[in-house]
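See structure below.
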Amino acid sequence: MNNNKIYSVNGPVVTIQGPTGFEMMEMVYVGAKKLIGEVISISSDHTTIQVYETTTGLKVGEEVEGTGAPLSATLGPGILSNIFDGIERPLQDIQKADGAFIGEGSSIPSLDPQRLWDVTITVAVGDELHGGDIYATCPETALIEHRCMVPPTLSGRVSAVMTNGRYTVNDWVVKLLDEKGEEHALTLCQKWPIRVERPIGRRMPISRPLITGQRVIDTMFPIAKGGTAAVPGGFGTGKTMTQHQLAKWCDADIIVYVGCGERGNEMTQVLKEFSELIDPKSGQKLTARTVLIANTSNMPVAAREASIYTGITLAEYYRDMGYHVAIMADSTSRWAEALREISGRLEEMPAEEGFPAYLPSRISQFYERAGYTVSLCGKEGSVTIIGAVSPQGSDFSEPVTQNTKRFVRCFWALDKSLAYARHYPAINWNTSYSEYVDDLSRWYGSNVSRDFIALRQQIASLLHEENELMEIVKLIGSDVLPDDQKLVIEIAKVIRVGFLQQNAYHADDTYVPLEKQLGMMKVILYLYEQCRAMVKKGHTISSILETGLFGDVIKIKYDVPNNNLGLLEGYYTRIDSTLAKII
Amino acid sequence: MSLRLVGLSEINGPLVVMEGVEGVGYEEMVELALADGTTRMGRVVQMDGDRCVIQVFEGTRGLSLTNTTTTILGHPVEMNLSKELLGRVLSGSGRPIDGLGEIYWEKRADINGRPLNPVARTYPRNYINTGISAIDCLMTLIRGQKLPIFSGSGMQHNKLAAQIVKQANIAAEEGQEFGIVFAAMGVKNDIADYFRRSFEEAGVMDRVVMFLNLSNDPIIERILTPKCALTTAEYLAFEKDMHILVIMTDITSYCEALREFSSSKGEIPGRKGYPGYLYSDLASLYERAGVIDDAKGSVTQIPILTMPNDDITHPVPDLTGYITEGQIVLDRSLDQNGIYPPISVLPSLSRLMKDGIGKGYTREDHSAVANQLFASYAKVQDTKALASVIGEEELSASDKLYMEFGKAFEHYFLDQGFDTDRSIAQTLDLGWELLSILPESELDRMDSATLREKYRPERGAALLAAMRGEA
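Residue numbers (the numbering used here), protein chains in the order written: chain W, 811 to 1393; chain P, 6 to 476.
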């Protein structure tokens, strides 16, 4: 029945005429070069396949071979510290095989089949195991213990175990006899279809923040572990920088960084920087907790579409082991454009701006895979999704931004004018929001300070008040404002420059612990209260500004090191004594 | 083996359709021989069973359904490569047009290239000193970067590119060779000529490979032009260890050619009629810049594009900005004020700058100066907006000072002219002089130690006095 021959080729879309017997979403090998493809539509007349590699040179009449399985990710030790393309092929091994440029039809396995792992078996013969139960562990990196879990669809009684020792990913370590009497050999790895959510025990309410060390995020617009956030912004507003900062400093156990249709040099930068940077909390290299998925903009477009799913599947796998995982997707707009491109080639009826009508449902399915969960084996873990959005023409009303906004609860809008003034992170405090503030207020109250949320609100109100005053200033200048309103403008400047703006290249300022964030807020608000009292007493704003106090407070971020927060106390006495001198 | 077929079944714009074809591969080359003995090249762009659609590079004029014999060549579009290309002038599809004869090639390569493995890239860190203050200080060009110039019709982007070619230290001191690959897409003959003259004046003509697809040349050939140019650049950089600067002008014409081709193929259009895959297509060009681990050379790209109606949100500049590592934006009002180069510094950006400047690269205080200049000049724009509402006279004293700072910045820093070549130290010192015009408390983008060391209010005052004197 060898009638599975290519009938037509149009970019990454290939069709076969006549019935083929392929399943929907089945992975197939296309043509003599065995390019990887996926079945995306079937009718009695023809079957359509999207190909994950360049189709140049493909001929009509070449064979298409089925694999009988959907496009799957291989899950096992060796994922961390590695860099994969959009369909989980190891780029480092591909470089060794093909050189600097990526060839087609590579058949290198995702995980190194030679490497030996120090495996500890945690079950004994006769144990009853269910899907998701852990049967073996091994140290994957200096930081992370890999826990091998029974595939979710399997359960049974252990019939044989190997002794503790060194094994490769494909060696069996445990055998399981299921109810039907069939024996399954469990190796260190398993496969899971990337488009299917991994099953969980149950979902937990959101209650803990993902600490990022970025003031504008942690204090103003916090994100929760298991939450979702979107970072929209035109080019040059610092989406990638924000994502890099979060990947470096956030307190997740594992980082999955998906470079989806973005620049090659950015991936190289992450690769290089993360292998040099030391995580201050663990003292280990950042690569020990990071996996990179790189499908740069010049790599085939269909694999770009898959890269997001590959990333989230890896994230869910580590979540099931009981880790907190953060996935950065940079950028989801490129993924949406890949959908549009393939949809166009399929000649589907376009909806808004040429995007397919199923765009919102795809976006919601993706973000819904985030959550704080208890896994099948009873371990708590989370997947936090932070997706960058690149709105075309920097216009936030375009379909990808709008649809993303509906499905995320945290929105960090990057602003062009802030970026032009090199105010980074260019998160606009007037248009951004976080719905997690309420969910997290209890945590902040008991772990940082009881008045943290109240202080945050005061800062937010001052910024809001400034925003309204600026409308007036833009029309008539600031000279006409009364002194108490001028003070609001001045203190808001301290908040903007001294607090919200953060220098990613400064040794201390790149990551700021919550205690210092709290301390800075307190000093700023103390300064405001004291100055307001002075203004009420009739002192002019200019006499207060002349003292240089505002400039000093702005520079707290540089002048008070993270490990010597005692210095903050000095600012209170300085404010008191300086203001007392004004006559 | 090559297959010959007589006749066509359809001709539509630059596309022809043949039926009864077997054994042809997607995107492979074909040669069409006309009855008068001339030949044209084409490429397979779609295949349905035994029917295939071919795009003809030189246009379909004179073709009929019966007078054409098509030969299937069995390989994708290729470019003949050799070091002899240096100093030559080629057509948009890579054929010599300078009358100096055929090129003896050493290697043929598929012009589509293959994606560069991110693992094999070296992160670019060595800066290129262009001698232009605005670029060196505020949007530093790094070797291996792709940094486009966003311009508009009638502005001096070509002059700027020529100045970069003239002054830039592409190969630095390492004794390596440098070369320039110039791709003209849909530009006028005078512009191509201007570049040729400026290459000659800079004395680099024997290191330049010129690809010319002028505005009256066939549009399909225009689609191949940047690909041929970049294939050549990659060959010279990664196999011949040269530092290559690629100048491509005008990307907007390229995108329009792509749109014309896409619509004649009957594809579903995306924004403003451009094909939905414009992003991927542009990425396949721009991403061919960089430095790789096992080669000594590099490819640096300076694409030039004219923004239709000076609109930076137009799909071409917009998508370009999302792929390239920054942009140099030119501003019409600066240009009209006679400021050259008319670089609008605020929307301009170099993404690779942060790791290529500072101690060991340029100077320790570089990033402090650059950030502060950006922040202060942004304040100037706010002040200007306010002044246009309430009048300059009504501004507060501090705002007036900002207005003067803005003028000094444009006058001394931006407006350096075509013939001035400033070293990085000169540029940064000038930056400090300008910043010293402002009161110390306004300089809030640096730590106190840097400020103490470099802030010289008397120099700022002197500069201001000099400017007032000139006025």
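Heads up, the beta-carbon is just placed ideally off N, CA and C, and yes, glycines get one too. Remember, predicted model here, so these are calculated numbers, not experimental data.
Cβ neighbour criterion (16 or more within 10 Å) applied to residue i
i	result
P/Met84	buried
W/Ser818	buried
W/Gln924	exposed
P/Arg473	exposed
W/Gly1420	The structure shown has nothing for residue 1420 of chain W, since chain W only spans 811 to 1393.
W/Leu926	exposed
P/Glu206	exposed
P/Met451	buried
P/Ile225	buried
W/Gly878	exposed
W/Met811	Reliability fails at W/Met811, whose pLDDT of 44 lies under 50, so the model's placement of it is uncertain and the value that follows must be treated cautiously. Exposed, by the Cβ-count rule.
W/Asn1373	exposed
P/Gly180	exposed
W/Asp855	exposed
W/Ala1321	Reading off the sequence, residue 1321 of chain W comes out as Tyr, not Ala. W/Tyr1321 comes out buried.
W/Ile1088	exposed
P/Tyr109	exposed
W/Leu1297	buried
W/Met834	exposed
P/Met6	Since pLDDT at P/Met6 reaches only 46, below the 50 mark, its modelled position is unreliable, and the value read off the structure follows with that caveat. Exposed, by the Cβ-count rule.
P/Asn221	exposed
Bridge partners - residue i, DSSP secondary structure assignment
i	result
W/Glu938	W/Arg967
W/Thr884	W/Lys1001
W/Pro1019	W/Ala1034
P/Asp3	Absent from the structure is residue 3 of chain P, since the part of chain P shown begins at 6 and ends at 476.
W/Asn1238	Paired residues: none, contrary to the question.
W/Phe894	W/Pro900 and W/Ile1103
W/Trp1222	The partner list for W/Trp1222 (beta bridge, DSSP) is empty, contrary to what the question assumes.
Nearest residue (CA-CA) to residue i, options the options
i	options	result
P/Asp103	P/Gly97, P/Arg93 and P/Arg264	P/Arg93
P/Lys277	W/Ala1148, W/Asp855 and W/Gln1202	W/Gln1202
W/Gly1181	W/Phe1217, W/Asp1205, W/Ser1207 and W/Ala1198	W/Phe1217
W/Ser1244	W/Ser1200, W/Leu1149 and W/Ala1040	W/Ala1040
W/Leu1124	W/Thr884, W/Tyr1338, W/Gly1191 and W/Thr947	W/Thr884
P/Leu8	P/Asn376, P/Arg126 and P/Glu33	P/Glu33
P/Ile228	P/Lys384, P/Ser138, P/Gly97 and P/Tyr199	P/Gly97
W/Gln1267	W/Glu1300, W/Lys1332 and W/Lys1001	W/Lys1332
W/Tyr1128	W/Trp1002, W/Ser916, W/Cys1341 and W/Met1344	W/Trp1002
W/Thr1100	W/Phe1206, W/Gly1036, W/Pro887 and W/Tyr945	W/Pro887
P/His248	P/Asn218, P/Glu27, P/Ile175 and P/Ile442	P/Ile175
W/Val1210	W/Gln902, W/Trp1145 and W/Leu1273	W/Trp1145
W/Arg1005	W/Leu1056, W/Met837 and W/Leu1291	W/Met837
Proximity test, residue i beta-carbon vs the ligand PLP heavy atom, cut-off 7 Å
i	result
W/Phe1309	The ligand PLP is absent from the structure shown, which contains no ligands of any kind.
Contact list for residue i against chain W, beta-carbon separation under 7 Å
i	result
P/Met215	Within 7 Å Cβ-Cβ: nothing; P/Met215 doesn't reach chain W, min ~25 Å.
P/Leu78	None at all; the shortest Cβ gap to chain W is about 12 Å.
P/Tyr199	Near P/Tyr199 there are no residues of chain W at all, since even the closest Cβ is about 30 Å away, more than 7 Å.
Chain W contact residues for residue i, given Cβ-Cβ distances below 8 Å
i	result
P/Tyr284	Gly1071, Ser1107, Arg1144 and Glu1147
P/Lys359	Tyr1315
P/Asp340	Residues of chain W passing the Cβ test: none, with the nearest at roughly 19 Å.
P/Ile196	Here the premise fails: no neighbours, minimum Cβ distance about 27 Å.
P/Ser114	According to the sequence displayed, residue 114 of chain P carries Ala and not Ser. None at all; the shortest Cβ gap to chain W is about 11 Å.
Under 9 Å by beta carbon: chain W residues contacting residue i
i	result
P/Met52	Ile816, Tyr817, Ser818, Val819, Asn820, Leu868, Lys869 and Val870
Neighbouring residues, chain P, relative to residue i (Cβ below 7 Å)
i	result
W/Leu1272	What W/Leu1272 touches in chain P: nothing, since even the nearest Cβ is about 18 Å away.
Contact list for residue i against chain P, beta-carbon separation under 8 Å
i	result
W/Met959	Per Cβ cutoff of 8 Å: no residues; W/Met959 is ~29 Å from chain P at best.
Give me the subset of the stretch 298-316 of chain P whose CB atoms are less than 8 Å from a CB atom of chain W, sorted by chain position. From the stretch 298-316 of chain P, only Asp298, Asp299 and Ala300 have a Cβ closer than 8 Å to chain W.
Please list, in chain order, the residues of the stretch 409-435 of chain P that have any C-beta partner in chain W closer than 9 Å. Listed by position along the chain: nothing, the set is empty.
In chain order, what residues of the stretch 231-250 of chain P put their CB closer than 8 Å to some CB of chain W? For the stretch 231-250 of chain P, the beta-carbon criterion of a distance under 8 Å to any beta-carbon of chain W is satisfied by Phe243.
Contact set between the stretch 879-902 of chain W and chain P, restricted to residues whose Cβ is under 7 Å from the partner: The stretch 879-902 of chain W vs chain P, Cβ under 7 Å: Ile893, Leu901 and Gln902.
Name, going along the chain, the residues of the stretch 120-147 of chain P whose beta-carbon falls closer than 9 Å to a beta-carbon of chain W. The residues in question are Pro120, Leu121, Asn122, Pro123, Val124, Ala125, Arg126, Thr127, Tyr128 and Pro129.
Please name the residues in the stretch 451-462 of chain P whose beta-carbon is closer than 8 Å to at least one beta-carbon of chain W, in chain order. For the stretch 451-462 of chain P, the set of positions with a beta-carbon nearer than 8 Å to some beta-carbon of chain W reads Asp452 and Ser453 in chain order.
Check each residue of the stretch 1359-1370 of chain W: if its Cβ is closer than 8 Å to any Cβ of chain P, include it; give the result in chain order. Answer in chain order: Phe1360, Gly1361, Ile1364, Lys1365, Tyr1368 and Asp1369.
Short-range partners of chain P found in the stretch 1154-1170 of chain W, where Cβ spacing is below 8 Å: So the close ones are Gly1154, Glu1157, Pro1160, Glu1163 and Gly1164.
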